[in-house]
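Enquirer: Here it is, the structure in full.
Protein chains: 4
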Amino acid sequence: MLLNVDDYRRAARRRLPRGLFDLIDGGAGDEVTLRRNRTAFERIALRPRLLADASSRDLRTTVLGQPVSMPVLLDPTAHAHLIHSDGELGVARAAAGAGIVYALSTLSDVSLERLAAETTGPKWFQLYAPPDRAGVIAVLDRAQAAGYEALCVTVDVPVGGLRERARRSHMPLPPQLTPRLVAQAAMRPRWTIDFLAAKKRPGGVAVRSAPTRPAPSGSRFITEDDLALIRHRWPRPLLIKGVQRGDEVQRLIELGVDGLVVSNHGGRQLDGVAASIEILPEVVAAAAGRVEVFLDSGIRRGTDVVKALALGARAVLIGRPYLYGLAVGGEAGVVDVIETLRAELDNAMALLGLTAISELGLAAIQIPSGFGSRSDAGERLLT
Amino acid sequence: MLLNVDDYRRAARRRLPRGLFDLIDGGAGDEVTLRRNRTAFERIALRPRLLADASSRDLRTTVLGQPVSMPVLLDPTAHAHLIHSDGELGVARAAAGAGIVYALSTLSDVSLERLAAETTGPKWFQLYAPPDRAGVIAVLDRAQAAGYEALCVTVDVPVGGLRERARRSHMPLPPQLTPRLVAQAAMRPRWTIDFLAAKKRPGGVAVRSAPTRPAPSGSRFITEDDLALIRHRWPRPLLIKGVQRGDEVQRLIELGVDGLVVSNHGGRQLDGVAASIEILPEVVAAAAGRVEVFLDSGIRRGTDVVKALALGARAVLIGRPYLYGLAVGGEAGVVDVIETLRAELDNAMALLGLTAISELGLAAIQIPSGFGSRSDAGERLLT
Amino acid sequence: MLLNVDDYRRAARRRLPRGLFDLIDGGAGDEVTLRRNRTAFERIALRPRLLADASSRDLRTTVLGQPVSMPVLLDPTAHAHLIHSDGELGVARAAAGAGIVYALSTLSDVSLERLAAETTGPKWFQLYAPPDRAGVIAVLDRAQAAGYEALCVTVDVPVGGLRERARRSHMPLPPQLTPRLVAQAAMRPRWTIDFLAAKKRPGGVAVRSAPTRPAPSGSRFITEDDLALIRHRWPRPLLIKGVQRGDEVQRLIELGVDGLVVSNHGGRQLDGVAASIEILPEVVAAAAGRVEVFLDSGIRRGTDVVKALALGARAVLIGRPYLYGLAVGGEAGVVDVIETLRAELDNAMALLGLTAISELGLAAIQIPSGFGSRSDAGERLLT
Amino acid sequence: MLLNVDDYRRAARRRLPRGLFDLIDGGAGDEVTLRRNRTAFERIALRPRLLADASSRDLRTTVLGQPVSMPVLLDPTAHAHLIHSDGELGVARAAAGAGIVYALSTLSDVSLERLAAETTGPKWFQLYAPPDRAGVIAVLDRAQAAGYEALCVTVDVPVGGLRERARRSHMPLPPQLTPRLVAQAAMRPRWTIDFLAAKKRPGGVAVRSAPTRPAPSGSRFITEDDLALIRHRWPRPLLIKGVQRGDEVQRLIELGVDGLVVSNHGGRQLDGVAASIEILPEVVAAAAGRVEVFLDSGIRRGTDVVKALALGARAVLIGRPYLYGLAVGGEAGVVDVIETLRAELDNAMALLGLTAISELGLAAIQIPSGFGSRSDAGERLLT
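Written out as structure tokens, the structure is:
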């Protein structure tokens, strides 16, 4: 019975070859951060209001000036076509139908132009830093021409994380049809049939010159100069994804950034970092309303959305949840996951006694002492 | 061996069809609040007195001016007749025999007049807001005419919670005899025999016009206007059930309320809220003795009653515990559960060196730092 | 392999009929306090000294002026003869051989005179309050005549705790040879042979008139008047066992008490109280060196002894550990347990760099913030 | 699949006779400290920097003036030849090849001269205090003559810890080929073949006169006088291993020590002490940059190295990790473990946005409140 995102996760595990499931589901190292992304949400308690008539709730909001039907967006992810033949196009159609933003990954299997042509919804383009200046300019111009409304620069994957679970499942990075994967696929006939039937591939990557694997050491580090170049060339809203400290926000704002995504890449990069939701307060405080702050990593419930927004996020992004849906039912599965989260968010708003997203604030939550990352503790320890 | 409430719970699980058990036992969402309702009690430690002669203990107290034999009352609950043919009438007789309050639910299977006619004990009537003003007035007048001593307005079920465990057991809401439930019943012959033998149904609901399922969106939100109307029409003590914040107490008192029930509906409504016992201190502080404060959600032991009263509750209410007793033994089972809790409470009083309920106070407990919900933490985080 | 007290516990479980094992091993209620007695010790960390020559350690100390070979004494316990035919006499001989105090229980199966006659070691007599004044005087005079060096008045058993585990094992209180116990014994032949062979019972209880089961309600509550009478009649050192609050220490000192035993009766009385080791600091602070403070409940390791003494205890008492030893090997088993703890304590002293018991102090430990019971938290919560 | 140190641990468990594995893997007592050494690292969170070009990382540093390729050194350990026929010589060759320090144990199976002759890398010599003054002088002169660059005096093994797990596996200390060990070996043929084939033993112990088992009580306590003698006789850098308190650092510096190793001997000595990483801050604060501070006990991941260095350690030492590698693959296995940790450290530096070891500081981590051992808590409790 598919009642919530965890149900979709379990169903996806039964549907996908093991290596492919572990590729999307696993985290880095000992998966400490992967677990912390969830437990940190549980430490925050909700505080419902009484005597409020919340009989009609309005979940709409705007992100970087763009209207969306609810504050849940779709993170850029890779490998959608391996998961289901509907691929990125299916995901984008689901997002468009739901009235929320889809962010296309540099590592997608479909060209950015094709995706832009086939979807009607709001769309962002996600950029890893290509190795050369000319490449950056070319991509930005293509994305602008194709009508992407915002650019999201991912800064937390200068090198790949140590994704041991995926390695244990013999999943090559980037994914390839190795004999082991074929063997695993033999136990997942529904996936295999869908995979083999999908003869007509979209034929291309989002950015043909984009690296599809972690580039040689250093090639994906994004410096202030890189960012200045991007800012210079990209006239529309610009987001930085992978922010994990409040003390760097001022510098990012000075560089002209419009939005920040607090993220630890779903616990897939550096194991041992704090949960995104623990970092959010210091980033929101540093941003001081000058730029919009977003969050991903760990969102699995409508109440998680509430908690993030109460702490100051403009919206949240989800990655694994919609990939689980894609694995289970293709485009329709993505729709189901989106609508499940919407229903949960709506139920939470009703039970909180709130009628509009703008009413979400600190009054709606209770935070345990010690929550968050403003640790002058270190300084204290050594003095 | 039925020594405590948990034993009755296990016995009820063996007695009831799975869906029915999950309906009463389950919580909302991931059941985080359901568990927190219990763990929060364990964080509070008791502090016994020495050299006190507590050889005779008096557990009597009053609730809203009404004498009761102990500070444990019976929460309003639905579906008693599905659990055992003794139904609400059996529960009410058990409460009357025990000298404690029974609160009849709007959603009961017996009319409020019939129950009032057949029980001799103190009784409250619980009200969900009916959809229209005329309906409210009619119900209040009937309850007053039938002699209910107090009215308890439930404000935390404007919409239903996401009770996934019950849904997984294929239990329809409201409960119906679906083929699946019949199949489950086949494995529970004692329940089935009792159910089929109960041919003469009480024939009615507490309030014939009451909605037996979550009404169309918004119809159960109770606003200040609704409350003013109720207060105007109901001359006897009025309680609000579902209070979860101290900062709303002042407004409720100004609206003329006589009692507050701190409750999260047993973890069945919004998953992720704090435990009732964590919220109690801020509500008691805000009430400042002007109205009586009650608590439900999580009471399973006599020592839990002690802890709640030490933190300022006038009495506690239990729901699931007596339903477990009802499932196991009908009216007699309810009596057993009530007397088990009474014996535990009496034993705790003796070992604490206390002779009267009025002696319970903060001196009897130890609270860990960080307990409770007065979290200015949120404000601190963002400044 | 019997390396530590937990090993003896496991061996005792294999040796004793289930009901008998559960009688001595179990706690009250949900056994929250039973577990907390252990976990609280784990929260305290030890801090070894460097560059200290602790090549010879002296574990001797005095308790109430009496020299003992180490600061570990034997708690009064009941039912020794059911556990092993060596009974209290065997335990007392083990204690005498080890040079430590044995405290005889009022509920022992041997008369206090017989035990005094057959042992050469230091001995205390433990008193429950008998129902009448004449009875108290008679017992005190007998104990004084028999040469008991100190009197230990147990104040935390005015009524029995809710020992559910023992009840589930069908162990009657006081223990009787019921058919169920006989059935359990059939699976424990070594215990049965020892039990049946022990034809010559010591013939008597410590105090013939002593109640062997919880007396009618109230008969064991010890009041200030009772204590004044005892103090008046007993010229030697007087201890109160069962202290659980610092704010009652001053009154006890004014009543002429010489020693305090911080104890929760091994988690067998009121479930939900804090661990003894958590209460110790406030009692030590209140005693301010005017009386000696002891501790029981939860001691299983030599390092536990260190922690209690570092927090200000004069010595600790053990109950279950030596009963496990008695079950496994009679008197010799008790000796083994005592010497195991002595070796552990000696090892800990060496590794801490300490040579004498008097060197144990707060410098030897690290206490987590929030440890202990001085909770003004309650007051804070409601203001 | 051998991806990390835990994988090597599991492989070592399959490779070694049980008693031998437990000898190196087990801790003292209840292994509370063994577990705490790990959980304490998990409580520290990492804080990555953005917009830093860390495309080339330099892991080199110096320890006591000596260049090393990374801040991970090899702890002195005993019994290498029992684990694999490559023995200490193999470990030393692995360290030399990796460009890191190997510290030879007094208890090694190879003479200190032989090892010095056969390795080209930086090497320390570890000293337990021999029973007599002449013995100390002789060893120091031999170590100096053989070219050891630093002396590491272990002060936390004045007597052996209570290593119960090893005792349960019937592993004699010092290890001997008992019938039980032979029986265990029969189930580990690869280890047995390697063991039997290793006919040519190195023929000697590091220090022929060194005690190979805990000496009679007191013989290994190292006093200030011992340390003064050693300092007088040893002209090169001198380290003290086993520091567990900040308040003794000043005295050690006055005695002329050059380096401190915060260590609890991997949880093998006094069970119940805090984790090394919890003690590190107070030692670093007390050292105040006058001597270099090192850490061992619990390092299993490259991110653990980062955390220790961020808290002020100059480098860390590993023991069990390389013994697991030795068990699995001899010298090559040690190399694999070293390179695994190097790769993890390098990955962590890249993802933290750091290019040099010297950039690691408190800004790179987040410490939970209450972390560390500066417990004036004790004083607070009793006042």
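Protein chains in written order, with the numbering used here: chain A, 1 to 383; chain B, 1001 to 1383; chain C, 2001 to 2383; chain D, 3001 to 3383. Heads up, the beta-carbon is just placed ideally off N, CA and C, and yes, glycines get one too.
Output yes or no for whether 8 Å exceeds the beta carbon distance between Leu3088 of chain D and Asp3075 of chain D.
Expert: The sequence given here places Glu at residue 3088 of chain D; Leu does not occur at that position. Contact: no.
Enquirer: Taking the DSSP output, what are the residues bridged to Glu88 of chain A?
Expert: According to DSSP, Glu88 of chain A bridges with nothing at all.
Enquirer: Our contact map puts Ser2263 of chain C next to Asp2296 of chain C with C-beta atoms below 8 Å; I'd like the distance itself, whole angstroms only.
Expert: 5 Å
Enquirer: Under the DSSP definition of a beta bridge, which residues are partnered with Val3335 of chain D?
Expert: Looking at the DSSP assignment, Val3335 of chain D forms no beta bridge with any residue, so it has no partner.
Enquirer: Here's the rule I'm using: 16 or more other beta-carbon atoms within 10 Å means buried, otherwise exposed. How should Met3001 of chain D be labelled?
Expert: exposed
Enquirer: Just the Cα atoms here: how many angstroms apart are Ile1338 of chain B and Leu1107 of chain B?
Expert: 22 Å
Enquirer: Identify whether Pro179 of chain A lies in helix, strand or coil by the three-state DSSP scheme.
Expert: helix
Enquirer: Give the interface partners of Thr178 of chain A over in chain D, defined as CB-CB distance under 7 Å, in chain order.
Expert: Chain D residues near Thr178 of chain A: none, gap ~15 Å exceeds 7 Å.
Enquirer: Does the beta carbon of Ile120 of chain A sit closer than 8 Å to a beta carbon anywhere in chain D?
Expert: According to the sequence provided, residue 120 of chain A is Thr. The question's Ile does not apply to it. No Cβ of chain D is located within less than 8 Å of the beta carbon of Thr120 of chain A.
Enquirer: When the cut-off is 8 Å and only beta carbons count, does Met1171 of chain B lie next to chain C?
Expert: no
Enquirer: Does any C-beta atom of chain B lie closer than 8 Å to the C-beta of Gly2370 of chain C?
Expert: yes
Enquirer: Span of the beta strand (DSSP E) holding Gly2242 of chain C?
Expert: Run containing Gly2242 of chain C: Leu2238 to Val2243, per the beta strand (DSSP E) assignment.
Enquirer: If you check the beta carbons only, do Ala2028 of chain C and Gln2366 of chain C fall under 8 Å apart?
Expert: no
Enquirer: Taking CB distances under 8 Å as the criterion, tell me whether Ala2274 of chain C reaches chain B.
Expert: yes
Enquirer: Report the start-end ranges of each alpha helix (DSSP H) in the segment 2260-2317 of chain C that is 4 residues or longer and not cut off at the edges.
Expert: 2276-2287 and 2302-2310
Enquirer: Helix, strand or coil for Phe3195 of chain D? Go by DSSP, reduced to three states.
Expert: Helix.
Enquirer: Taking Cβ to Cβ, would you say Tyr324 of chain A is nearer than 8 Å to Val32 of chain A?
Expert: Taking 8 Å as the cut-off, the Cβ atoms of Tyr324 of chain A and Val32 of chain A do not count as close.
Enquirer: Is Phe21 of chain A helix, strand or coil by DSSP?
Expert: helix
Enquirer: How about the segment 237-246 of chain A and the segment 280-291 of chain A: do they share at least three Cβ pairs that are nearer than 8 Å?
Expert: yes
Enquirer: Could you give the DSSP three-state label for Asp3007 of chain D: helix, strand or coil?
Expert: helix
Enquirer: At 7 Å on the CB atoms, spell out the chain C contacts of Asp3271 of chain D, in chain order.
Expert: Thr2303
Enquirer: Using a Cβ-Cβ distance under 8 Å, would Gln2244 of chain C count as near chain D?
Expert: no
Enquirer: Which residue from A:Arg35, A:Ala116 and A:Gly26 puts its Cα closest to that of Ser276 of chain A?
Expert: A:Arg35
Enquirer: How do the segment 1334-1352 of chain B and the segment 1040-1055 of chain B stand: do at least 3 beta-carbon pairs fall below 8 Å, yes or no?
Expert: yes
Enquirer: With 16 as the cutoff for other CB atoms within 10 Å, does Ala1215 of chain B come out buried or exposed?
Expert: Reliability of the predicted coordinates at Ala1215 of chain B is poor, the pLDDT of 44 falling under 50, and the value obtained from them is presented with this limitation in mind. Counting Cβ neighbours within 10 Å, Ala1215 of chain B comes out buried, since at least 16 surround it.
Enquirer: Threshold first: 4 residues or longer. Then list the alpha helix (DSSP H) segments lying entirely within the segment 2043-2102 of chain C, N to C.
Expert: 2080-2083 and 2087-2098
Enquirer: Just checking: is the beta-carbon of Pro2158 of chain C within a distance shorter than 8 Å of some beta-carbon in chain B?
Expert: yes
Enquirer: Distance cutoff 8 Å, beta carbons only. Does Leu2260 of chain C sit that close to anything in chain D?
Expert: So, not an interface residue.
Enquirer: Leaving aside the five residues before and after Val2291 of chain C along the sequence, list all residues of the same chain whose C-beta is less than 7 Å from its C-beta, in chain order.
Expert: Ile2253, Val2257, Asp2258, Gly2259 and Leu2260
Enquirer: Under 9 Å Cβ-Cβ, which residues of chain B neighbour Ala185 of chain A?
Expert: Chain B residues near Ala185 of chain A: none, gap ~30 Å exceeds 9 Å.
Enquirer: Alpha carbons only, please: which of C:Arg2013, C:Gly2121 and C:Trp2234 is nearest the one belonging to Gly2090 of chain C?
Expert: Looking from the CA of Gly2090 of chain C, the closest CA among C:Arg2013, C:Gly2121 and C:Trp2234 belongs to C:Gly2121.
Enquirer: With a threshold of 8 Å between beta carbons, is Gly3019 of chain D in contact with chain C?
Expert: no
Enquirer: Say whether chain A places a C-beta atom closer than 8 Å to the C-beta of Ile1222 of chain B.
Expert: yes
Enquirer: Below 8 Å on the Cβ atoms is my contact criterion, and I expect Leu1354 of chain B with Arg1049 of chain B to pass it. Report the Cβ-Cβ distance as a whole number of Å.
Expert: Between Arg1049 of chain B and Leu1354 of chain B the Cβ distance is about 7 Å, and since that is below 8 Å, they are a contact.
Enquirer: Taking only runs of the beta strand (DSSP E) that begin and end inside the segment 1112-1148 of chain B, which ones reach a length of at least 3 residues, in chain order?
Expert: 1123-1127
Enquirer: Looking at Gly1298 of chain B: is its Cβ nearer than 8 Å to the Cβ of His1265 of chain B?
Expert: no
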